[in-house]
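Engineer: Residue numbers (full-length UniProt numbering), protein chains in the order written: chain U, 1 to 238; chain D, 1 to 283; chain G, 1 to 229.
Glycine included, each C-beta is placed from N, C-alpha and C at the ideal position.
Let me give you the structure first, and then I'll get to my questions.
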Amino acid sequence: MGDIGLLGFGPDGWGLVLFRAGLMTLAVSVAAFLCGLVLGTLVAWARVGGNRVMRALAEAYTVVLRGVPDILVIYLFYFGGRQVVAAIGTALGFAGPFDISGFVAGMLAIGLISGASQSEVLRGAYQAVPRGTIEAGRVVGMGRFTLFRRVIAPQAMVTALPAMGNQWQSVIKESALVSVTGLVETMRQVSVAAGTTQEHFLFYAAGAVIYLIITTLSDQVFRLAERRSLRGHQGAGY
Amino acid sequence: MNITRSTFLRAGLAAAATLATGAPLLAQGKKLVFATEGAFPPFNMTKPDGTLYGFEMDMLAEIAKRAGFEYELIAQAWDGMIQGLIDGKYDAVIDSVTITAKRLEVVDFSLPYTTGGSTFAVMKESGIALPGTGTSINLDDAAATDAAIAQIAAVLEGKTVGVHVSTIQADFLDKYLAPRGITIRTYPNGPDVYQDLSNGRLDAAMASATNIAAFLEKNAETATATGPAFSGGVMGKGAAIVVQKGKGELADKLSAALQSMSDDGTLAALSNQWFGINVTPKL
Amino acid sequence: MDLTFISGMFQKILTGLPLTLNLWLLSLAGGACLALTLNLMRQNRIGNAIAATYVFVFRGTPLLIQIFMIYYGLAGFGFIRQSFLWPFLRDPYWCGLLALILNDAAYSSEILRGGLRAVPKGAVEAGRVSGMGRATILRRITLPIATRQALPAYSNEVISMLKATALVSTITLMDMTGIARAAISETWRAVEILLCAAVIYLVISMLVTRASAWLEQRLSPWQFGRTTP
Numbered sequence: 001m002g003d004i005g006l007l008g009f010g011p012d013g014w015g016l017v018l019f020r021a022g023l024m025t026l027a028v029s030v031a032a033f034l035c036g037l038v039l040g041t042l043v044a045w046a047r048v049g050g051n052r053v054m055r056a057l058a059e060a061y062t063v064v065l066r067g068v069p070d071i072l073v074i075y076l077f078y079f080g081g082r083q084v085v086a087a088i089g090t091a092l093g094f095a096g097p098f099d100i101s102g103f104v105a106g107m108l109a110i111g112l113i114s115g116a117s118q119s120e121v122l123r124g125a126y127q128a129v130p131r132g133t134i135e136a137g138r139v140v141g142m143g144r145f146t147l148f149r150r151v152i153a154p155q156a157m158v159t160a161l162p163a164m165g166n167q168w169q170s171v172i173k174e175s176a177l178v179s180v181t182g183l184v185e186t187m188r189q190v191s192v193a194a195g196t197t198q199e200h201f202l203f204y205a206a207g208a209v210i211y212l213i214i215t216t217l218s219d220q221v222f223r224l225a226e227r228r229s230l231r232g233h234q235g236a237g238y
Numbered sequence: 001m002n003i004t005r006s007t008f009l010r011a012g013l014a015a016a017a018t019l020a021t022g023a024p025l026l027a028q029g030k031k032l033v034f035a036t037e038g039a040f041p042p043f044n045m046t047k048p049d050g051t052l053y054g055f056e057m058d059m060l061a062e063i064a065k066r067a068g069f070e071y072e073l074i075a076q077a078w079d080g081m082i083q084g085l086i087d088g089k090y091d092a093v094i095d096s097v098t099i100t101a102k103r104l105e106v107v108d109f110s111l112p113y114t115t116g117g118s119t120f121a122v123m124k125e126s127g128i129a130l131p132g133t134g135t136s137i138n139l140d141d142a143a144a145t146d147a148a149i150a151q152i153a154a155v156l157e158g159k160t161v162g163v164h165v166s167t168i169q170a171d172f173l174d175k176y177l178a179p180r181g182i183t184i185r186t187y188p189n190g191p192d193v194y195q196d197l198s199n200g201r202l203d204a205a206m207a208s209a210t211n212i213a214a215f216l217e218k219n220a221e222t223a224t225a226t227g228p229a230f231s232g233g234v235m236g237k238g239a240a241i242v243v244q245k246g247k248g249e250l251a252d253k254l255s256a257a258l259q260s261m262s263d264d265g266t267l268a269a270l271s272n273q274w275f276g277i278n279v280t281p282k283l
Numbered sequence: 001m002d003l004t005f006i007s008g009m010f011q012k013i014l015t016g017l018p019l020t021l022n023l024w025l026l027s028l029a030g031g032a033c034l035a036l037t038l039n040l041m042r043q044n045r046i047g048n049a050i051a052a053t054y055v056f057v058f059r060g061t062p063l064l065i066q067i068f069m070i071y072y073g074l075a076g077f078g079f080i081r082q083s084f085l086w087p088f089l090r091d092p093y094w095c096g097l098l099a100l101i102l103n104d105a106a107y108s109s110e111i112l113r114g115g116l117r118a119v120p121k122g123a124v125e126a127g128r129v130s131g132m133g134r135a136t137i138l139r140r141i142t143l144p145i146a147t148r149q150a151l152p153a154y155s156n157e158v159i160s161m162l163k164a165t166a167l168v169s170t171i172t173l174m175d176m177t178g179i180a181r182a183a184i185s186e187t188w189r190a191v192e193i194l195l196c197a198a199v200i201y202l203v204i205s206m207l208v209t210r211a212s213a214w215l216e217q218r219l220s221p222w223q224f225g226r227t228t229p
């Protein structure tokens, strides 16, 4: 079964749209991952150095986002997010009406989910930084920012990178759920193609291959980064 | 430089504000945005290159010409489509949406452009045949409805019927057949119903007669339509273009164009072209 | 806030709890068996390659695509519809359960592999010296130590699987999420309904977190040999 020509790049082939959808998956994943990284850093920071209220808020955020199914979070974002954005916009004095595109909605929803797990990874990595090095930095008169850039970040990165690689892989797979926001990424495109051509197996298999390509290639990038971050470490073996 | 928490907060708020206003909805004088599913043949379908085509796309092009507006079509999953309209994500929905009392509470409609009732499809090899094929039942006629439902329920006892989620057909099945012990299975995507009918997971499928006709066109050898065509009551008053509540001006504009297309026979001609029969009402 | 609506919605969604729990626990059980099999296969070259490919494919693709592949994809093949498997694959329940088991096995087998690697060589040697057979060593030494090592990671996987069951609603199953989705299309009060469902999932996953923390504490080495916990 299955006419492989359907996956070609000709006028009747779905090759080009699938390729574009693959790029969209990649784009929304990158945006969501970065969004999660910002959020995760802020939350990790609040949990490590914040006051009581901020700690409680940050903890509640991680517990909730890690305990609720991703698809419900995305639905909530899709159905309720727009009202929230409109409320914030009005409160900041911007004139409506407000709308967020499918891309932004997907990015924020997955960023929110990923931020919760990324904050755990980052917190663990920060706690693994030897206290002595931070104190030494302070003693030589480094400011908070320099201390972060020159002492904390390089050391924490080594611990965090492998786990961050896993977080990135999760983000790619979660991006398959954002089709509800109207974004034409890989999952949505293969569903449409499968429904139109009735070649379900062929197109879902093609979709699986697209995801495998993205996950495998990006895995290589993370390994490279890991290797780089290990430079100068004793016993790294490179 | 010292990064304090408040610097971060301020930067975050500014970023959020840019995101929120980055895509302002429909600035005045811009194109109208119409949402459709692109997977409901022959009303709306998607070509491999992403272009939307079908009866409703041709009709909309003609409406736009007559009413004098520019528009843009976007494809959207049916699940959440009405919600997106309510939230103002687009100006109108053109996806064979039937006018019902329940929907009228939250949205407005143009004049209807199809009237065809809803019926069942089965696979020939299943041997299922519902009584009343070729007749039509108005659900406002309680006596005729009860009689027809009783007969259909007897045939479908212990069987599974599939239907597209949150459609008038789903409402119909919930109201009339579910209480009689028939299993109803709802699908987020329309085409999946036929997929599961074809591979034998479903004993029958329910959809609009026009949608079933499109399915049968490709599967005439293996599948068939059966049972009466139901209309009225929960089946509503025909399909129409949906607009946000309070956007009566837009609905009037669309209705006027539909009226003139009905008057000069354009609508009937389009229907004949896509369905092979005239499914449009006399407006 | 409309309290009657919300309490009614809680009751309605809770009718899907048995199916959610059923899919969750059975997929964990099935996944654990398959994960153990995959790890036992890793002892020779071919088995290792098969297990590695399996893990690569199932961890590298979204669960949603796996579910659709099994539910819609396999049904497209005539020979599958003629085969003895069809009575199972015809039913969305078995398709959903199968997809969840296969997916969980890939993740669990990696967690177990990490645990197995952490088993000290000396412990296994000690077993051999005292005359234990291979099966006994696996049962009495390797698996208990590996399980304890893998426990924190595995408790995350247990919660992930609870969340993963929500995806079977895409193939018409009426679990808690399926019921919530149907209710949304009936009433269009999406936010209230979704929040009700979210609270139920959250309570279950918090209970799991508590239970696993307690278990980790109980099974910690420094607790061994104590008469009172």
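Applying a beta-carbon distance threshold of less than 9 Å, which residues of chain U neighbour residue 57(G)?
Structural biologist: Simply 208, 212.
Engineer: Along the chain, where does the beta strand (DSSP E) containing residue 95(D) start, and where does it finish?
Structural biologist: From DSSP, the beta strand (DSSP E) with residue 95(D) extends over 92 to 98.
Engineer: Could you confirm whether any beta carbon from chain U is found closer than 8 Å to the beta carbon of residue 14(G)?
Structural biologist: Output row for residue 14(G): interface = no.
Engineer: Using the Cβ count rule (16 or more neighbours within 10 Å means buried), how would you classify residue 210(D)?
Structural biologist: Residue 210(D) should be labelled buried.
Engineer: Give me the Cα-Cα distance between residue 2(G) and residue 156(G), rounded to the nearest whole angstrom.
Structural biologist: Their Cα atoms are separated by approximately 35 Å.
Engineer: Is the Cβ of residue 126(D) closer than 8 Å to any Cβ of chain G?
Structural biologist: Cβ-Cβ to chain G under 8 Å: no for residue 126(D).
Engineer: Hey, is the stretch 174 to 188 of chain U in contact with the stretch 121 to 138 of chain U, meaning 3+ C-beta pairs nearer than 8 Å?
Structural biologist: No: the two stretches stay apart, fewer than three of their Cβ pairs being nearer than 8 Å.
Engineer: Relative to chain A, which residues along the stretch 189 to 216 of chain D have a C-beta separation below 8 Å, given in chain order?
Structural biologist: No chain A is present in this structure, whose protein chains are U, D and G.
Engineer: According to the Cβ coordinates, are residue 306(U) and residue 61(G) closer than 8 Å?
Structural biologist: The requested residue 306(U) does not occur in the structure, where chain U is confined to residues 1 to 238.
Engineer: Distance, Cα to Cα, residue 31(U) vs residue 107(U)?
Structural biologist: Using only the alpha carbons, I get a separation of about 6 Å.
Engineer: Just the Cα atoms here: how many angstroms apart are residue 91(D) and residue 187(D)?
Structural biologist: Residue 91(D) and residue 187(D): Cα-Cα distance of roughly 26 Å.
Engineer: Taking the alpha helix (DSSP H) that residue 54(U) belongs to, which residues open and close that run?
Structural biologist: Element bounds for residue 54(U): 52 to 67.
Engineer: Taking Cβ-Cβ distances below 7 Å as the criterion, which residues of the stretch 162 to 181 of chain D are in contact with chain G?
Structural biologist: Listed in sequence order: 165, 166.
Engineer: With a cut-off of 8 Å, does the C-beta of residue 68(G) fall near any C-beta of chain U?
Structural biologist: Yes - at least one Cβ of chain U is within 8 Å of the one on residue 68(G).
Engineer: Look at the alpha carbon of residue 179(G) and the alpha carbon of residue 239(D), and state the distance between them as a whole number of angstroms.
Structural biologist: Near 27 Å, if we compare the C-alpha coordinates of residue 239(D) and residue 179(G).
Engineer: Of all the options 242(D), 198(D), 204(D), which has the alpha carbon lying nearest to the alpha carbon of residue 33(D)?
Structural biologist: Residue 242(D) is the option with its Cα nearest to residue 33(D).
Engineer: Label residue 125(D) either buried or exposed according to how many other C-beta atoms from any shown protein chain fall within 10 Å of its C-beta, with 16 as the threshold for buried.
Structural biologist: Label assigned to residue 125(D): exposed.
Engineer: When the Cα of residue 5(U) is compared with those of 231(U), 221(U), 197(U), which residue comes out closest?
Structural biologist: Of the candidates 231(U), 221(U), 197(U), the one whose C-alpha sits nearest the C-alpha of residue 5(U) is 197(U).
Engineer: Could you give the distance in angstroms between the alpha-carbon of residue 52(U) and the alpha-carbon of residue 42(U)?
Structural biologist: Distance between the alpha carbons of residue 52(U) and residue 42(U) is about 15 Å.
Engineer: Within 10 Å of its beta-carbon, does residue 228(D) have 16 or more other beta-carbons around it, so buried, or fewer, so exposed?
Structural biologist: It counts as buried.
Engineer: Of all Cβ atoms in chain U, is any one closer than 8 Å to the Cβ of residue 5(G)?
Structural biologist: Cβ-Cβ to chain U under 8 Å: no for residue 5(G).
Engineer: Going along the chain, which residues of the stretch 69 to 102 of chain D sit with their C-beta nearer than 8 Å to a C-beta in chain U?
Structural biologist: Listed in sequence order: 74, 75, 76, 77, 79, 80, 83, 84, 87, 88, 89.
Engineer: Find the nearest neighbour of residue 106(D) within the set 123(D), 129(D), 81(D), judged by alpha-carbon distance.
Structural biologist: Of 123(D), 129(D), 81(D), the residue nearest in Cα terms is 81(D).
Engineer: What are the residues of the stretch 149 to 164 of chain U that lie near chain G, defined by any Cβ-Cβ distance shorter than 7 Å?
Structural biologist: Under the 7 Å Cβ criterion, the stretch 149 to 164 of chain U contributes no residue.
Engineer: Do residue 119(U) and residue 40(U) count as a contact pair if the criterion is CB distance below 8 Å?
Structural biologist: Closer than 8 Å, so yes.
Engineer: If you compare alpha carbons, which of 165(U), 16(U), 37(U) is closest to residue 48(D)?
Structural biologist: Comparing Cα positions, the closest option is 16(U).
Engineer: Would you mind reading off the limits of the alpha helix (DSSP H) that contains residue 43(U)?
Structural biologist: Taken as a continuous stretch (DSSP letters only), the alpha helix (DSSP H) holding residue 43(U) covers 15 to 49.
Engineer: For the beta strand (DSSP E) containing residue 155(D), list its first residue and its last residue.
Structural biologist: Run containing residue 155(D): none in the beta strand (DSSP E); it sits in the alpha helix (DSSP H), 142 to 156.
Engineer: Pull up the distance between the alpha-carbon of residue 146(U) and that of residue 114(U), whole angstroms please.
Structural biologist: Going by the C-alpha atoms only, they are around 27 Å apart.
Engineer: Establish whether the CB of residue 183(D) and some CB of chain G are separated by less than 8 Å.
Structural biologist: Closer than 8 Å: no.
Engineer: Since residue 48(D) meets chain U, which of its residues come closer than 7 Å, beta carbon to beta carbon?
Structural biologist: The answer, in chain order, is 12, 13, 14, 17.
Engineer: Using the DSSP secondary-structure output, state which residues sit across from residue 32(D) in a beta bridge.
Structural biologist: The partner list for residue 32(D) (beta bridge, DSSP) reads 71(D).
Engineer: Look at the alpha carbon of residue 126(G) and the alpha carbon of residue 144(G), and state the distance between them as a whole number of angstroms.
Structural biologist: C-alpha separation (whole angstroms): 15 Å.
Engineer: At what residues does the beta strand (DSSP E) containing residue 162(D) begin and finish?
Structural biologist: 160 to 164 is the extent of the beta strand (DSSP E) around residue 162(D).
Engineer: So for residue 278(D), helix, strand or coil by DSSP?
Structural biologist: Three-state result, residue 278(D): coil.
Engineer: Which residue's Cα is closest to the Cα of residue 132(U): 152(U), 144(U), 207(U), 219(U)?
Structural biologist: With distances taken between Cα atoms, residue 132(U) lies closest to 152(U).
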